[in-house]
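One structure is given here, and the rest of the page talks about it.
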Amino acid sequence: MKKLLLAGKAILGAGLIIIFLQSCKNETKQEDPKEVAEDANEAKFDSIDSKEDDSEFLVDQAEINLAEIEIGKLAQTKSTNADVQKFGKMLVDEHTKSASEVSALAKAKNFTLPTSLTEEGKEEYNKLNEKSGVDFDKKFTDMMIDGHEKAIDKLQKASKDATDEDVKLWASNNIAGLTAHLEHAKLLKQKLDKK
83 MKKLLLAGKA ILGAGLIIIF LQSCKNETKQ EDPKEVAEDA NEAKFDSIDS KEDDSEFLVD
143 QAEINLAEIE IGKLAQTKST NADVQKFGKM LVDEHTKSAS EVSALAKAKN FTLPTSLTEE
203 GKEEYNKLNE KSGVDFDKKF TDMMIDGHEK AIDKLQKASK DATDEDVKLW ASNNIAGLTA
263 HLEHAKLLKQ KLDKK
């Protein structure tokens with residue numbers, strides 16, 4: 083009887099050690115906020131493809147706004163060029179306004195949005211933060227041109243293809259604002275290229 087009890091304790095102890103070692107090995111990696119939001123929307127709207135597409139568009143817009151706000155703040159503090167600093171402030175102001183509009187629209191439609199900078203946004207931010215002086219300003223304007231061109235494409239697509247009328251209207255109403263940002267960034271790049 084004692085041998086059986088002792089063997090049982092040994093097996094139980096070995097099992098607990100194995101479980102403990104497995105739990106140590108499975109470190110929890112923090113998931114990207116964009117992926118979390120997309121997964122939540124996918125679960126909610128799995129059977130309604132049109133809602134899933136509209137939710138993906140708003141998730142993208144939220145991601146863009148979060149990145150533009152952080153990069154705009156960085157431009158205000160890191161650049162020594164007054165025009166770049168001004169542009170950075172304008173980005174922060176206008177993308178903060180846009181973020182609250184997207185958030186309100188998403189809430190009304192029961193869509194989940196990322197609430198912090200995504201992994202891609204952090205990468206872009208870090209690449210820019212490594213630069214200084216004129217290199218910073220040029221990298222910043224290049225990022226703004228590229229980012230705004232992509233964002234405008236997404237807005238134009240959603241203004242035609244979104245199934246939700248509110249999403250479609252919001253997208254078409256915001257094309258002009260982002261086009262103005264793009265033109266501003268291009269002018270800024272022309273000035274910087276002359277230096």
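All you need for the numbering used here is the position in the sequence shown, starting with 1, plus 82.
All residues carry an ideal CB built from backbone N, CA and C; glycine is no exception.
Predicted model only: the values in this text are computed from it and were never measured.
Bounds of any alpha helix (DSSP H) do not take in LYS213, whose DSSP letter is neither H nor E. According to the DSSP assignment, PHE193 belongs to no alpha helix (DSSP H), since it is labelled neither H nor E. Contact fails between the segment 180 to 198 and the segment 229 to 237, because fewer than three Cβ pairs, one in each stretch, are under 8 Å apart. Between ASN192 and the set VAL249, LEU260, GLU205 and ALA164, the nearest pair of CA atoms involves VAL249. When C-beta atoms of the segment 209 to 229 are compared with those of the segment 149 to 161, three or more pairs fall below 8 Å, so the two segments count as touching.
The C-beta separation of LEU237 from ALA253 comes to about 5 Å, placing the pair in contact by the 8 Å criterion.
Here DSSP, grouped into helix, strand and coil, assigns ASP248 to helix.
Going by beta carbons, ALA258 and PHE139 fall outside the 8 Å limit.
In its chain, beyond the 5 residues on either side, no residue has a beta carbon closer than 7 Å to the beta carbon of LYS242. Ranking LYS171, VAL216, ASP246 and LYS209 by CA distance to the CA of GLN272 puts VAL216 first. Pairing LYS171 with ALA144, the inter-Cα distance amounts to about 18 Å.
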